[in-house]
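Chains as they are written, first to last, in this note's numbering: chain A, 916 to 1211; chain B, 285 to 601.
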């Protein structure tokens, strides 16, 4: 059967990449941006897990005598309007924000990829699935998230649900496009000829070959989800206000900005660092996983 | 070309149906009885019953959807629970700040992003290029609402150059209006400017390698002319896509930015309505914003067909 040049090219790439399956990891380790980005994310995650216990202050304990203290040796990032240590809360916020980002990435990738795989491989349902995805993408993403939060109510789990709904159509669209190319390749054809079932073909033969763009998209989804969670919480429509997250701390800090700028500066700086780390990691993954860029 | 535009128009139908479904089912997503949720905690059983009847919640779901969407198509989006005015009026009164904010942010992102991307591409690997790209990476990573907060702190609280929050209608005083909007527009537009700079740079680099650029140089065209007349128009197409997407991102971002700067626009209306669970306003505003977004994307796509002869001519085959 006739093969397009593009399809043949990617067959060769498939053979080449199998001989050095973990070549991309080596490339990634050579990319200083990706190493810094990955390091930032790992350190923030570790600090989020153990950090709140290391500072010697309690996340929630109110201390009326020490309200709105500026940064000092006792309180490196100062204290908030209730006398709580800002550093401890920023570290605790890393835990919540990264957890929400990670969960959103995992769920939207699993659901979005499944829908994209089915739409790309089964023409009968393609139109139906993709028109629904188009409909969801007709909303600006933060608006859809706010609207879903409005009806579900402010809870951490609901933030994950809302952001998953927002990001999964983008992943479905990306995956479908990839599947349309891969399904015409020879080894998929071969699997079909020997009588492999549709699910077997989709998950065993198609999925492994579209995993690279999925990983790249996943790291950017993580970054978007962290920003969106912070925005939702800042607006009061995200994680419940009593839980310290970067967005909630900004919500509390902004009205006190003139008197206690550290309350809004430090959570925001940490948020920006986290997003920068995720973006650097995503850029690095894209460069090392995408064979077209490697060749330049 | 006409066929392509007609096809694009027809593709809007399923999108709008799904949008309608999503907005309609928003109130049915809420756990529990929507009428009870809307009536609030202190409502009596009769009040809830009455509300359920008024809202038509005692009728079958498909019937509710049909009557809701026919009313919405006629421009009747219901009445706000809190503002005592029709939802469409409430949105109409707040559309000017949001529209101007989005427009100013778009203009700023183009005015910053285009020159930055072009200069970075022309002076590739120079310090200007590196500085531009590092700034652009920062611009992509700094959440716009936090940038807004910092700008208020520095420019309004400390330096006292600009008002921290509020709004003046354009027709009353255009200059004052701009003073109120310049910070929100900058904080909102910087991220798009950064994205645009990155895209313009990479597509300029690609175009500068083309044969016709070499030909232009070989026949002695001045370098400035080569960049502006030969390379730039061909590098525009990817940039146009980004500008089209920007409109949606800016409309969404405006919601958060308006909350930061207390701008009395549609975005702040949405956030306030979410906090007081004013569902008719939430539904109406979400519907209107989504419709505007879809319309903008349509215009961008059509502009695209007209601008790029390769797309225009491909339909004939």
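Each residue gets a CB set at the ideal place from its N, CA and C atoms; glycine is no exception.
Spatially closest choice to residue i from the options, by CA coordinates
i, options, result
"residue 1191 of chain A", "B:335, B:418, B:350", "B:418"
"residue 1099 of chain A", "A:1195, A:1025, A:1035", "A:1035"
"residue 1185 of chain A", "A:1103, A:1079, A:1003", "A:1003"
"residue 1125 of chain A", "A:1150, A:1113, A:1089, A:1135", "A:1089"
"residue 1047 of chain A", "B:335, B:446, B:301, B:384", "B:301"
"residue 973 of chain A", "A:1118, A:1155, A:1133, A:990", "A:990"
"residue 431 of chain B", "A:985, A:1142, A:1078", "A:1142"
"residue 288 of chain B", "B:591, B:586, B:592", "B:586"
"residue 987 of chain A", "A:1077, A:1177, A:1019", "A:1177"
"residue 1132 of chain A", "A:1025, A:1042, A:1105, A:1153", "A:1025"
"residue 1030 of chain A", "A:1017, A:1049, A:1012", "A:1049"
"residue 1156 of chain A", "A:1037, A:1008, A:1107", "A:1008"
"residue 995 of chain A", "A:1010, A:1169, A:1091", "A:1169"
"residue 453 of chain B", "B:547, B:489, B:523", "B:547"
"residue 1017 of chain A", "A:957, A:1064, A:1042, A:1059", "A:957"
"residue 1010 of chain A", "A:999, A:1159, A:1111, A:1181", "A:1159"
"residue 1228 of chain A", "A:1152, A:1013, A:999, A:977", "Coverage of chain A is limited to positions 916 through 1211, which leaves residue 1228 of chain A absent and any answer about it impossible."
"residue 444 of chain B", "B:428, B:489, B:463, B:455", "B:463"
"residue 391 of chain B", "B:574, B:286, B:563, B:530", "B:530"
Residue i to residue j span [Cα, whole Å]
i, j, result
"residue 528 of chain B", "residue 582 of chain B", "9 Å"
"residue 542 of chain B", "residue 521 of chain B", "31 Å"
"residue 1138 of chain A", "residue 567 of chain B", "28 Å"
"residue 1027 of chain A", "residue 1113 of chain A", "18 Å"
"residue 330 of chain B", "residue 369 of chain B", "24 Å"
"residue 1162 of chain A", "residue 365 of chain B", "28 Å"
"residue 1021 of chain A", "residue 553 of chain B", "33 Å"
"residue 1066 of chain A", "residue 975 of chain A", "28 Å"
"residue 1164 of chain A", "residue 1109 of chain A", "59 Å"
"residue 1121 of chain A", "residue 937 of chain A", "19 Å"
"residue 544 of chain B", "residue 514 of chain B", "43 Å"
"residue 943 of chain A", "residue 1116 of chain A", "30 Å"
"residue 561 of chain B", "residue 309 of chain B", "15 Å"
"residue 327 of chain B", "residue 1148 of chain A", "28 Å"
"residue 1032 of chain A", "residue 1136 of chain A", "19 Å"
"residue 1037 of chain A", "residue 459 of chain B", "57 Å"
"residue 619 of chain B", "residue 589 of chain B", "Nothing can be reported for residue 619 of chain B, as the shown portion of chain B is limited to 285 through 601."
"residue 436 of chain B", "residue 469 of chain B", "13 Å"
"residue 1053 of chain A", "residue 503 of chain B", "48 Å"
Helix, strand or coil at residue i [DSSP, three-state]
i, result
"residue 342 of chain B", "coil"
"residue 1000 of chain A", "strand"
"residue 370 of chain B", "strand"
"residue 363 of chain B", "strand"
"residue 994 of chain A", "strand"
"residue 445 of chain B", "coil"
"residue 492 of chain B", "helix"
"residue 409 of chain B", "coil"
"residue 509 of chain B", "helix"
"residue 399 of chain B", "helix"
"residue 937 of chain A", "coil"
"residue 1036 of chain A", "helix"
"residue 972 of chain A", "coil"
"residue 945 of chain A", "helix"
"residue 1052 of chain A", "coil"
Distance between beta carbons of residue j and residue i, contact taken as under 8 Å
i, j, result
"residue 549 of chain B", "residue 378 of chain B", "5 Å"
"residue 1015 of chain A", "residue 1057 of chain A", "Contact flag wrong, Cβ pair sits at about 15 Å."
"residue 307 of chain B", "residue 571 of chain B", "5 Å"
"residue 1204 of chain A", "residue 1130 of chain A", "6 Å"
"residue 966 of chain A", "residue 1006 of chain A", "3 Å"
"residue 361 of chain B", "residue 371 of chain B", "4 Å"
"residue 540 of chain B", "residue 1146 of chain A", "5 Å"
"residue 420 of chain B", "residue 478 of chain B", "4 Å"
>> Closer than 7 Å between beta carbons: that is the criterion. Which residues of the stretch 1179–1199 of chain A meet it against chain B?
In response: 1179, 1183, 1186, 1187, 1190, 1191, 1194
> Taking a cut of 8 Å between CB atoms, which residues from the stretch 528–557 of chain B lie near chain A?
Replying inline: 532, 533, 535, 536, 537, 539, 540, 543, 544, 554, 555, 557
> What residues in the stretch 939–959 of chain A bring their beta carbon closer than 8 Å to a beta carbon of chain B?
Replying inline: none
> Between the stretch 985–997 of chain A and chain B, which residues of the former have a C-beta closer than 8 Å to a C-beta of the latter?
Replying inline: none
> Along the stretch 1130–1151 of chain A, what residues have a CB closer than 7 Å to any CB found in chain B?
Replying inline: 1142, 1145, 1146, 1149, 1150, 1151
> Any residues in the stretch 1010–1040 of chain A with a beta carbon nearer than 7 Å to a beta carbon of chain B? Which ones, in chain order?
Replying inline: none
> Going along the chain, which residues of the stretch 362–383 of chain B sit with their C-beta nearer than 7 Å to a C-beta in chain A?
Replying inline: none
> Along the stretch 1078–1103 of chain A, what residues have a CB closer than 8 Å to any CB found in chain B?
Replying inline: none
> Of all the residues that make up the stretch 382–413 of chain B, which are near chain A by a beta-carbon distance shorter than 8 Å?
Replying inline: none
>> Output needed in chain order: residues of the stretch 470–482 of chain B with a Cβ under 7 Å from some Cβ in chain A.
In response: none
> Going along the chain, which residues of the stretch 573–584 of chain B sit with their C-beta nearer than 7 Å to a C-beta in chain A?
Replying inline: 573, 574, 577, 578
> Listed from N- to C-terminal order along the chain, which residues in the stretch 413–437 of chain B have their beta-carbon within a distance smaller than 8 Å of any beta-carbon of chain A?
Replying inline: 421, 422, 424, 425, 426, 427, 429, 430, 433, 434, 436, 437
>> Can you pull out the residues from the stretch 288–299 of chain B whose beta carbon lies closer than 7 Å to at least one beta carbon of chain A?
In response: 298, 299
> Using a Cβ cut-off of 7 Å, which residues of the stretch 457–469 of chain B contact any Cβ in chain A, in chain order?
Replying inline: none
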